[in-house]
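So the structure is just underneath, and the comments pick up after that.
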Amino acid sequence: MDPQEIIAQLRALTDGFERQLSGLESEQSIREHQAAFLSKKGSLAQLQALLGKLPQESRKEVGAAFNEAKQRIASQAHDALTALAKQAEAAYLQQYTDLSLPGRRPTIGHMHPLSIVLYDIVDVFVSMGFDVALGPEIETDLYNFEKLNFPADHPARDMQDTLFIEEGKTLLRTHTSPVQVRTMLQRPLPIQVVAPGAVYRRDDDPTHSPMFFQVEGLLVDKGVHFGHLKGVLDAFLHQVFGADVTTRFRPSFFPFTEPSAEADIQCIVCRGKGCRLCSQTGWIEILGCGMVDPNVLAGVGIDPEVYTGFAFGLGVDRIAMLRYEGITSIKLFYENDPRFLGCFAR
Ligand code: FA5
């Protein structure tokens, strides 16, 4: 047989395959059509049987023509099957997709309510000229207690109240006041800082958490007196709780301030009449404060005859519970339930 005749027949076969393929509409019929041409007993194989009868010199050319024909048929069948699958998918989407439905919004993260309140508090003090200072959460007994004038037998030094890492040496800071000491040792005078951060105590009930947040304040300069302390804290309390809130300062005691006080606001729920929130007292304690004790100043090398200062410390969680009324347990802030935290997105 003439090799050119075989090549012409091959071409006629592949053209025929292509023509018939365009009329097929199911996966099965396409696969059967492909098999009719390419399987062991298919049209191509029958023609290929003639290859052995050809003279040696023309086998290469005809063999290459067979390979090309097989590839063409396989790729056309593949393209037809792909097109069919796409058609089926489009029909499915058209049937089951309702483009008029509202889209699903992606969940976007937001600040934790305690962070919101903490940033707001710090912002008020920054607007009054305070700088931000930070200190470590793992503290030494020296800065947490000793340099703050705590007597050796003070109850806060007890294992019952403090989470020690190495008793008498390192601990999880129980308040942000050690940042006062660190700042006075590190920064030049005058000093005017607020120190926000986490603190730790052996405390656990609906209004007390083992870890909570405080913001410390410290101002040291020549001529600082209690009137400055009252003015700054009064302005702060009015900024946070509203211009019409009534404030009061009550004598108190802290080892590192003298005189010491606690600042209260009149109860925001009962307006002083007495209710459950204020334990029937009409007042809510917000922070501790006082004039830096001369012993503390002298302990960090500041002459208390020349410089005086005031300090204060407030609980962020307490303020957050007051600001977002209806939070009955401090634990809600730490459980990280997205349904609770989602209420504070802004
Ligand atoms: C102190 O920690 C002093 N360092 C504050 C201070 C600083 C006084 C500078 C004078 C000068 P106190 O132990 O009262 O003070 O704690 C301050 C605030 O922390 C409290 O008013 C309360 O709001 C909050 N607080 C105390 N314990 C807890 C707790 N376990 N969970 C949540 N908040 C707490």
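In our numbering, the protein residues as written are 42 to 387.
Positions of the beta carbon are idealized from the N, C-alpha and C atoms, including for glycine.
Inset, instruction - Please name the residue or residues paired with S84 in a DSSP beta bridge. - result: BP columns for S84 are empty, so no partner.
Inset, instruction - Answer yes or no: the CB of Q255 versus the heavy atoms of ligand 1, is any distance below 8 Å? - result: yes
Inset, instruction - Under 8 Å Cβ to Cβ from G354, same chain only, skipping five residues before and after it: list those, please. - result: H216, T217, S218, Q255, V256, E257, G258, L328, G329 and C330
Legend entry - For I309, the three-state DSSP class (helix, strand or coil): coil
Inset, instruction - Specify, as a first and last residue, the run of the alpha helix (DSSP H) that M464 falls within. - result: Outside the modelled stretch of the chain, which goes from 42 to 387, sits residue 464, for which no answer is possible.
Legend entry - Range of the contiguous beta strand (DSSP E) that encloses F205: F205 to E207
Legend entry - Contact test: V240 Cβ vs ligand 1 heavy atom, cutoff 8 Å: yes
Legend entry - Inter-stretch contact at 8 Å, needing at least 3 Cβ pairs: the segment 341-353 / the segment 134-153: no
Inset, instruction - May I ask you to verify whether the segment 228-237 touches the segment 171-180, counting CB pairs closer than 8 Å and requiring at least 3? - result: yes
Legend entry - Top-ranked residue by Cα proximity to F205, from K188, P229 and I179: I179
Inset, instruction - Enumerate, from N- to C-terminal direction, the unbroken beta strand (DSSP E) stretches of 3 or more residues contained entirely within the segment 298-344. - result: 298-307 and 324-333
Inset, instruction - Run the proximity test for A131: is its beta-carbon closer than 8 Å to any non-hydrogen atom belonging to ligand 1? - result: no
Legend entry - Counted within 10 angstroms of its Cβ, other Cβ atoms place V220 as buried (16 or more) or exposed: buried
Legend entry - Contact the segment 75-82 vs the segment 107-127: 3+ CB pairs below 8 Å: yes
Inset, instruction - Tell me whether S250 is buried or exposed, calling it buried when 16 or more other Cβ atoms sit within 10 Å of its Cβ. - result: buried
Legend entry - C-beta contact flag for D305 and R291 at 9 Å: yes
Legend entry - Span of the beta strand (DSSP E), counted from its first residue to its last, around I293: Checking the displayed sequence, the identity of residue 293 turns out to be Ser instead of Ile. S293 -> beta strand (DSSP E) spans T288 to F295.
Legend entry - Cβ pair F107, L88 closer than 9 Å: yes
Legend entry - Alpha carbon of R242 to alpha carbon of T203, nearest angstrom: 5 Å
Inset, instruction - Name the one or two DSSP bridge partners that P237 has. - result: V256
Legend entry - From W324, L318, H269 and G350, residue whose alpha carbon lies closest to that of N332: The sequence shown places Met at residue 332, not Asn. Selected option, being the one with the closest Cα: G350.
Legend entry - 7 Å CB neighbourhood of E299 in its chain, flanking five on each side removed: G331, M332 and D334
Inset, instruction - For R380, count neighbouring C-beta atoms within 10 Å of its own C-beta (all shown protein chains included) and say buried if the count is 16 or more, exposed if not. - result: exposed
Inset, instruction - Tell me, to the nearest whole angstrom, how far the beta carbon of R387 is from that of V158; I am working on the premise that it is less than 8 Å. - result: Not quite, the Cβ-Cβ distance comes to about 12 Å (not below 8 Å), so this is no contact.
Inset, instruction - Report the partner residues of L213 according to the DSSP bridge assignment. - result: I179
Inset, instruction - Examine ligand 1 and report whether any of its heavy atoms sits within less than 8 Å of the Cβ of Q221. - result: yes
Legend entry - D139 (DSSP reduced to helix, strand or coil): coil
Inset, instruction - Using beta-carbon positions only, say whether K111 and L85 come within less than 9 Å of one another. - result: yes
Legend entry - Rounded separation between C311 and W324 - CA only: 9 Å
Legend entry - alpha helix (DSSP H) segment containing M389, residue limits: Since the first and last residues shown for the chain are 42 and 387, residue 389 lies out of range.
Legend entry - The alpha helix (DSSP H) enclosing L382, as first and last residue numbers: P379 to L382
Inset, instruction - Tell whether a beta-carbon distance below 9 Å holds between I114 and L91. - result: no
Legend entry - Spatially closest choice to G340 from P247, Y184 and C384, by CA coordinates: Y184
Inset, instruction - Might you give, ordered along the chain, the residues of its own chain that have their beta carbon closer than 6 Å to the beta carbon of P168, omitting 5 neighbours on each side? - result: Here the sequence assigns Ser to residue 168, which means Pro is not the residue at that position. So the list is empty, once near-sequence residues are dropped.
Inset, instruction - Pull up the distance between the alpha-carbon of T287 and that of P247, whole angstroms please. - result: 26 Å
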